[in-house]
Amino acid sequence: MIWLASFPRSGNTFFRNILFEVYGLESSTFHREDNYPMDENYAAYPFVKTHLLPDQLPEEHRAAPKVYLVRDGRDALVSLAHHRKDIIEPGTDFYTNLLEATLALGGSYFGGWSENVKQWTAEADVVIRYEDLIEDPLREVEKLRKVIDLPDPNRERLPTFEKLKFGQPQYGSGTTFLAREEEVAALARKNFRKGKAGSWKEEMPEDLQSLFGELHGSTLQEFGYGRGANEAPAMQPVRVLMEANKLADTTMDGVRRYQVELLQALNALQSQLPEKLLVDCLIGDSIKPLRSVIDLINTEAKREGESEKKLSDEALHRSDQPSGYEHILLRLKAWLADNLPLFIYQPLRRIYTRLPARSFLSWVRGAVGRYKARASQQRIMQNYDLIHLPLPQNYFFIKPYTLPVIGTVHDLTHLIYPAFHEKHNIKLSEAGMRFLEKKAACLIAVSEATSRDVQASYAIPQDRIKVVYEAANGDLFHPVRTEQRLHQVRERYQIPEGPYLVSLSTIEPRKNLANTLAAFLQLKSTGAYEDLTFVVCGKRGWKVSTLYDKAHPYASSIHFTGYVADEDLATVYSGAVALCYVAHYEGFGLPPLEAMLCGTPVLFGNNSSMPEVVRDGGVGVDAGSVGAIRAGMEEVLLADGADLGKAALRRARAFSWLRTAYETFLTYQQVRK
């Protein structure tokens with residue numbers, strides 16, 4: 130046998146069809162994928178195709194002769210990004226696929242293009258360039274006579290890309306595992322796209338051309354491809370200080386989730402571009418390297434186990450000077466809210482909000498911040514190009530510094546729905562936005578809807594606002610189809626048997642859970658859905674008593690799970706008919722995307738960013754109408770669940786935290802000094 134190796138989408142399948150049609154030589158494949166067929170007797174074939182690195186081959190066959198096909202990596206990656214979008218993971222975003230393949234984090238994508246090329250060409254007996262192969266196929270294939278006695282070629286049977294694309298080729302059409310002719314034809318059309326060199330010049334965005342050049346430029350030049358006339362200028366190093374006090378919060382809300390996921394992805398990006406990106410975190414008066422913050426996040430998440438997975442104040446705020454008084458007060462307030470009876474807590478809360486305590490704490494916080502900032506200002510000014518403020522309300526932590534600022538805006542609920550906020554939070558949010566209006570070199574909006582809201586409310590032009598979407602974590606959220614796992618999680622949270630709708634119980638007016646539960650009880654009252662349950666995930670605190678009528682005949686069909694661990698949430702989503710997330714307003718909306726990534730459609734409020742994010746992955750309704758929400762529930766229940774779930778999964782795959790981090794990095798590049 131002879132190994133026929135290449136990086137994916139480098140002409141290997143075309144080469145195999147030439148060997149079969151012109152020389153009558155069959156070939157097999159070797160891989161380590163569970164969901165793709167492989168011949169048990171692959172080694173009995175004259176040629177064996179593989180994309181694996183040399184040291185990943187079976188030890189008993191590593192000494193076999195090796196032929197390697199090399200293609201301009203930019204063309205290979207463009208084709209690979211299309212292949213993944215059209216065949217491997219339908220719905221994934223072309224740009225994101227291209228980015229992930231270029232970075233090849235953690236040795237993914239068969240080591241990455243340049244690493245794959247370097248390792249194989251160091252061992253190959255014959256190296257053939259794809260560009261030479263399509264120019265003169267037989268001339269290049271004849272080079273194999275160095276390692277095998279080829280039969281005389283039947284030149285009349287030489288296949289073209291057109292014949293392969295619109296026919297039923299021996300390799301690349303799925304004839305060995307697809308039964309229907311139309312499926313075979315469709316796969317061939319997708320597998321054989323263009324068959325030409327240089328497509329990357331039209332299809333690869335300039336920023337990714339630049340990134341590819343940074344990571345793979347030397348290998349491009351070594352094999353005669355050059356860097357390309359259309360390539361963007363080389364990336365400049367950028368040093369970022371990110372305000373990260375939100376990490377010490379006691380709850381994993383949307384903003385904290387955003388910062389944790391963004392930091393994780395920036396850390397991965399920084400590991401690939403250590404000379405181009407440096408991120409440190411400002412926590413209290415302490416500056417911590419990104420790597421150490423990531424270690425704290427991972428360590429604390431693991432240590433907390435089934436708890437709410439928060440970073441300890443001790444770990445985050447360790448410094449030469451004492452700090453953390455505000456967090457003690459916040460924890461005390463949270464404890465009182467969870468444990469005092471309603472008739473005691475509410476009067477105390479009203480008294481507290483009328484006192485100037487919060488204003489006094491804000492003044493103290495600002496004074497302390499200014500005092501500490503004076504000591505570190507010179508060091509920060511010398512060591513960083515800009516500051517990233519992920520939460521406008523935390524502007525006072527960075528106010529003393531004069532570096533350029535990038536601010537992330539998640540929503541403007543304090544302006545659009547002030548009734549959903551306390552006066553102090555409105556004041557603080559508005560102060561943060563006015564600070565950014567005056568100071569920011571650029572704003573990151575998490576959706577087009579948020580961008581429009583910012584432009585309508587502040588004197589910030591569109592060219593200073595960059596829309597960078599959030600995402601859902603694919604390691605945490607994915608379809609769970611194993612009956613054993615679904616049953617295990619049902620038992621753990623005592624979810625009744627039968628179909629269920631699910632919601633997350635952030636008990637605040639904006640989330641609209643009261644209207645959603647009222648709609649569910651209306652639906653149950655029709656008598657058509659006797660076995661349907663509404664599952665509310667999250668802590669059940671005393672506020673639950675105000676959400677729905679406990680005396681309602683179907684009140685027992687509402688089930689509260691209590692806290693659901695992240696590792697179980699994907700299973701809860703996967704088992705549900707739909708996620709009900711009928712909020713009045715969302716700047717982005719992470720839970721809908723998490724559910725969609727599990728293949729679960731979403732009933733959502735047809736407002737703000739939610740239609741933009743969910744699209745055809747669910748059903749939009751008027752959040753202010755209980756009747757409309759009930760009708761939406763019925764529409765979801767009567768729809769083809771498989772089709773709606775597939776649409777949800779396709780849409781969710783279009784988002785990626787790695788892309789979020791990369792576009793954030795590009796924003797850093799744009800505003801650096």
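Just so you know, we're using this note's numbering here: the sequence shown kicks off at 130 and counts up by one. Think of the CB as a built atom: it goes at the ideal place given N, C-alpha and C, for glycine as much as any other residue.
Member of the options whose CA lies at the smallest distance from the CA of residue i
i	options	result
Pro682	Glu659, Met167, Val711, Glu626	Glu659
Ala776	Thr789, Val748, Met762	Val748
Lys568	Gly603, Arg268, Leu518	Leu518
Thr190	Lys178, Arg200, Glu763, Asp201	Just to set this straight, residue 190 is His in the shown sequence, not Thr. The option with the nearest alpha carbon to His190 is Lys178.
Ser754	Gly774, Lys292, Thr793, Ala647	Ala647
Ala783	Glu229, Gly202, Leu767	Glu229
Leu198	His211, Tyr300, Val246	Val246
Phe606	Cys727, Glu343, Gly413	Cys727
Ala757	Leu615, Phe144, Gly716, Val711	Val711
Leu698	Tyr171, Leu633, Val706	Leu633
Phe663	Ala657, Leu650, Ser654	Leu650
Pro137	Tyr714, Asp414, Gly240	Gly240
Thr542	Pro521, Leu532, Ile535, Pro533	Pro521
Met333	Ile412, Ser737, Ser208	Ser208
Arg801	Ala771, Leu766, Gly656, Asn512	Asn512
Gly355	Ser339, Val369, Leu532	Ser339
Leu767	Glu372, Ala373, Leu661	Leu661
Phe733	Thr789, Ser785, Val631	Val631
Euclidean distance between Cα positions of residue i and residue j
i	j	result
Pro194	Asp204	27 Å
Glu150	Val742	48 Å
Gly578	Asp409	This sequence places Ala at residue 578; Gly is not what is there. Computed Cα separation, rounded: 30 Å.
Ala444	Pro590	With a pLDDT of 47 at Ala444, under the threshold of 50, the modelled position of this residue cannot be trusted; read the value that follows with caution. Straight-line Cα distance between these residues: approximately 40 Å.
Arg593	Leu515	15 Å
Gly353	Leu557	58 Å
Ser576	Ala781	15 Å
Glu169	Val731	43 Å
Ile687	Asn554	32 Å
Met562	Tyr587	8 Å
Leu206	Thr796	24 Å
Leu465	Pro476	12 Å
Gly704	Thr690	14 Å
Tyr622	Ala724	18 Å
Ala752	Gln185	54 Å
Asp769	Gly718	24 Å
Leu376	Leu293	54 Å
Leu787	Phe341	16 Å
Thr231	His180	16 Å
Ala684	Tyr677	8 Å
Phe210	Ala548	According to the sequence as given, residue 210 is Ala; it is not Phe. Rounded to the nearest angstrom, the two C-alpha atoms are 46 Å apart.
Glu335	Gln798	14 Å
Ala574	Asn736	17 Å
Lys272	Tyr174	19 Å
Val384	Glu620	31 Å
Ile624	Leu615	10 Å
Glu626	Glu612	13 Å
Glu331	Ser347	22 Å
Leu133	Pro183	11 Å
Arg274	Lys214	37 Å
Continuous beta strand (DSSP E) stretch holding residue i: start and end
i	result
Arg368	367-372
Pro418	415-418
Tyr710	707-710
Phe564	Premise fails: Phe564 lies in the alpha helix (DSSP H), 552-568, not in any beta strand (DSSP E).
Ile687	687-691
Asp409	406-412
Val748	747-750
Arg258	255-258
Test: residue i CB closer than 8 Å to a CB of chain C
i	result
Ile555	Among the protein chains of the structure shown there is no chain C, as only one such chain exists.
Residue span of the alpha helix (DSSP H) that contains residue i, given as start and end
i	result
Arg788	786-800
Ser632	Where Ser632 is concerned, there is no enclosing alpha helix (DSSP H), although the beta strand (DSSP E) it sits in stretches over 629-633.
Arg203	202-212
Val742	739-743
Lys330	329-332
Arg581	577-586
Please go through the stretch 132-171 and give each complete alpha helix (DSSP H) segment of 4 or more residues, from N-terminal end onward. Runs found: 141-152.
**Message:** Contact between the stretch 152-171 and the stretch 219-233 is defined here as three or more beta-carbon pairs at a separation below 8 Å; is this criterion met?
**Reply:** These segments do not touch.
Review point. Does the pairing of the stretch 265-278 with the stretch 209-218 give three or more beta-carbon distances under 8 Å?
Key: Segments in contact, no.
Touching or not, the stretch 400-409 and the stretch 362-375, by the rule of three or more beta carbon pairs under 8 Å? Taking 8 Å as the limit for Cβ pairs, the verdict is that the stretch 362-375 does touch the stretch 400-409.
> Counting Cβ pairs, one atom from each stretch, are 3 or more of them under 8 Å apart for the stretch 280-293 and the stretch 243-257?
Replying inline: No: the two stretches stay apart, fewer than three of their Cβ pairs being nearer than 8 Å.
Discussion item. So within the stretch 376-403, which uninterrupted alpha helix (DSSP H) runs reach at least 4 residues, ignoring any that extend past its ends?
Written reply: Correct list: 383-401.
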